[in-house]
Amino acid sequence: MLRKGGKCVKILLMQSFYTTICFGVQANSSDGRRKITCVNFSSPLRNKLLRKEVVMVLTEKETAALKDLQSQEKICAKKYEKYSQQAKDPELKNLFETIQKEEQKHYESLGQVLDGTVPECDCNDSNGKDYTPKATYMSDDNSEDKMNDSFLATDCIGTEKLVSSEYNTDVFVFGEPGVRKLLADIQVEEQNHAEMLYKYKTVNRMS
Ligand SMILES: [Fe+2]
Ligand SMILES: [Fe+2]
Numbered sequence: 000m001l002r003k004g005g006k007c008v009k010i011l012l013m014q015s016f017y018t019t020i021c022f023g024v025q026a027n028s029s030d031g032r033r034k035i036t037c038v039n040f041s042s043p044l045r046n047k048l049l050r051k052e053v054v055m056v057l058t059e060k061e062t063a064a065l066k067d068l069q070s071q072e073k074i075c076a077k078k079y080e081k082y083s084q085q086a087k088d089p090e091l092k093n094l095f096e097t098i099q100k101e102e103q104k105h106y107e108s109l110g111q112v113l114d115g116t117v118p119e120c121d122c123n124d125s126n127g128k129d130y131t132p133k134a135t136y137m138s139d140d141n142s143e144d145k146m147n148d149s150f151l152a153t154d155c156i157g158t159e160k161l162v163s164s165e166y167n168t169d170v171f172v173f174g175e176p177g178v179r180k181l182l183a184d185i186q187v188e189e190q191n192h193a194e195m196l197y198k199y200k201t202v203n204r205m206s
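Residue numbers (numbering that gives the first Met the number 0): 0 to 206.
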């Protein structure tokens, strides 16, 4: 609120990327009614603001590929959630829970692309390399628990191989470099999942 010549002057700034951008001056006129002046910003300024919005138009083929990958990720997340409940070894439970969160993140990233935005990715994952699970089962352990956990881990390695190969194929469908980079990053993360599961099996002497 500003005071000018004994009158009350209010400056309004309204902006929208999609509608008119106005700079309005509201003042009390002599008859007591409010008077509003609304001036459109020039189009170069408006265009400059609009350039912040990157609209990506996907082809039918790209949309179909994204939806297929998304449904894969949904099943993966559900699978890891179920398997974390079925695993006997707490180490394996934790691993399944960690991977479940990453599959959920993959699902959401693909959803963002379907909505026209490409999320940032670092493409520098080392989760597989850095994972050092502690051993729970000995080599001569033939318990039901070990058999159960071995089955779950082996089954998930098979799933990761399939999912990874889907990304490897689908990445070529996309024209936008940012999307290709994202899909390549997700593929590396799927390979990391397989590597962590393989390490878990190895340290626990599972065949
Ligand atoms: Fe995934
Ligand atoms: Fe995965």
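All C-beta atoms in this analysis are idealised placements derived from N, C-alpha and C, irrespective of residue type, glycine included. Note that the structure is a prediction, hence the values are computed from the model and not measured.
Original post:
Which term fits residue 143, buried or exposed, when burial requires 16 or more other beta carbons within 10 angstroms of its beta carbon?
Top reply: Counting from 1 along the sequence shown, the entry for residue 143 is found at position 144. By the 10 Å Cβ count, residue 143 comes out exposed.
Subject >> Contact set for residue 186: own chain, Cβ-Cβ below 8 Å, skip 5 residues either direction >> reply: Taking the first residue of the sequence shown as position 1, residue 186 is located at position 187. Only 163, 166, 167, 170 meet the Cβ criterion.
Subject >> With 16 other Cβ atoms within 10 Å as the buried cut-off, status of residue 141 >> reply: Indexing the sequence shown from 1 puts residue 141 at position 142. By the neighbour-count rule (16 or more Cβ atoms within 10 Å), residue 141 is not buried but exposed.
**OP:** Give me the Cα-Cα distance between residue 104 and residue 134, rounded to the nearest whole angstrom.
**Re:** One-based indexing of the sequence shown puts residue 104 at position 105. One-based indexing of the sequence shown puts residue 134 at position 135. The straight-line gap from Cα to Cα measures roughly 28 Å.
**OP:** Give the secondary structure of residue 144 by DSSP, where H, G and I count as helix, E and B as strand, and everything else as coil.
**Re:** What you label residue 144 is simply residue 145 of the sequence shown in a count that begins at 1. The answer is helix: DSSP assigns residue 144 an H, G or I state.
Original post:
Who are the Cβ neighbours of residue 124 in its own chain at under 7 Å, not counting the five residues just before and after it?
Top reply: Here residue 124 refers to the residue found at position 125 when the sequence shown is read from its first residue. The residues are 187, 188, 191.
Subject >> Residue interval of the alpha helix (DSSP H) (run including residue 206) >> reply: Here residue 206 is taken as the residue at index 207 of the sequence shown, counted from 1. Where residue 206 is concerned, there is no enclosing alpha helix (DSSP H), given that its DSSP letter is neither H nor E.
**OP:** Give the DSSP-derived three-state secondary structure of residue 57 in the structure shown.
**Re:** Taking the sequence shown and counting its residues from 1, one reaches residue 57 at position 58. Coil, per DSSP.
**OP:** Taking only the alpha-carbon atoms, compute the straight-line gap between residue 116 and residue 204 and give it to the nearest angstrom.
**Re:** Against the sequence shown, residue 116 aligns to sequence position 117. Against the sequence shown, residue 204 aligns to sequence position 205. Roughly 44 Å separates the two Cα atoms.
Subject >> For residue 132, the nearest candidate out of 206, 64, 62, 197 (CA to CA) >> reply: Within the sequence shown, the letter at position 133 stands for residue 132. Answer by Cα proximity: 197.
Original post:
Among 62, 201, 96, 195, which has the Cα closest to the Cα of residue 129?
Top reply: Translated into the one-based positions of the sequence shown, residue 129 becomes position 130. Minimum Cα distance to residue 129 is reached at 195.
Original post:
Taking the alpha-carbon positions, what's the residue 159 to residue 110 distance?
Top reply: Here residue 159 refers to the residue found at position 160 of the sequence shown. Here residue 110 refers to the residue found at position 111 of the sequence shown. Using only the alpha carbons, I get a separation of about 20 Å.
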